[in-house]
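Participant:
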Amino acid sequence: MARQARLDAPEALQHVMARGIERRNIFFDDEIMSRVTKWAGISLEELGSGSKRPSVVGARRIFSYIAVRWMGMTAVEAGKWVRVTQSAVSKLVWRGERIVSENEKIMEEILRIS
Numbered sequence: 007m008a009r010q011a012r013l014d015a016p017e018a019l020q021h022v023m024a025r026g027i028e029r030r031n032i033f034f035d036d037e038i039m040s041r042v043t044k045w046a047g048i049s050l051e052e053l054g055s056g057s058k059r060p061s062v063v064g065a066r067r068i069f070s071y072i073a074v075r076w077m078g079m080t081a082v083e084a085g086k087w088v089r090v091t092q093s094a095v096s097k098l099v100w101r102g103e104r105i106v107s108e109n110e111k112i113m114e115e116i117l118r119i120s
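At position 34 of the sequence shown the residue is numbered 40 (the working numbering), and the sequence of numbers has no breaks.
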């Protein structure tokens, strides 16, 4: 049974949901995307382009890894950000995870960039 609508009272405190079904994030912080692109030395437009340049592909891998593993996005949702299919995101996540496990300082660098 669906929940009944709540009353909307002026000046009343409201509860804002920060997580959705299965505790998934509702909002995705653009800050992570900009930090990854800054770390890779590319623009936001390049991240969503079909470029095969190593720096762009590496940024896509790291971004997909963070979006899916850390932020709780689905592969479909992450794919919309980088304009690739669900199966491509799955491969990007796997490769991004390998990159991070081989060089743990990458995440520190990305999270430190301001």
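Glycine included, every Cβ here is placed at the ideal spot set by N, Cα and C.
(1) For Trp45, count the other beta carbons within 10 Å of its own beta carbon; 16 or more makes it buried, fewer makes it exposed. Which is it?
(2) Can you find at least 3 beta carbon pairs, one from the region 77-85 and one from the region 100-109, that sit closer than 8 Å?
(3) Mind checking which residues open and close the alpha helix (DSSP H) that includes Thr43?
(4) Please report the Cβ distance between Ile116 and Ile68, rounded to the nearest whole angstrom; I am assuming they are in contact, meaning their Cβ atoms lie under 8 Å.
(5) Taking 7 Å as the cut-off, is the CB of Gly102 close to at least one heavy atom of the ligand COA?
(6) Roughly how many angstroms separate the alpha carbons of Glu114 and Glu37, rounded to a whole number?
(7) Which of helix, strand or coil does DSSP assign to Gly122?
(8) Counting only the same chain and skipping the five closest in sequence on each side, list residues whose C-beta sits under 6 Å from that of Leu50.
Facilitator: Short version:
(1) Here residue 45 corresponds to residue number 39 of the sequence shown, with the count starting at 1. Looking at its Cβ environment, which holds 16 or more other Cβ atoms inside 10 Å, Trp45 is buried.
(2) No: fewer than three Cβ pairs fall under 8 Å.
(3) On the sequence shown, position 37 is the one that residue 43 refers to. Per DSSP, Thr43 belongs to the alpha helix (DSSP H) from 36-46.
(4) Taking the first residue of the sequence shown as 1, we reach residue 116 at position 110. Taking the first residue of the sequence shown as 1, we reach residue 68 at position 62. Taking C-beta atoms under 8 Å as the contact rule, Ile116 and Ile68 qualify, at a distance of about 7 Å.
(5) Ligands displayed in this structure: none; no statement on the ligand COA is therefore possible.
(6) As a working note, residue 114 is residue 108 in the sequence shown. As a working note, residue 37 is residue 31 in the sequence shown. Using only the alpha carbons, I get a separation of about 15 Å.
(7) In this structure the chain extends from 7 to 120, so residue 122 is not present and cannot be described.
(8) For the purposes of this step, residue 50 is identified with residue 44 of the sequence shown, where counting begins at 1. Excluding positions up to five away in sequence, the list reads Thr43.
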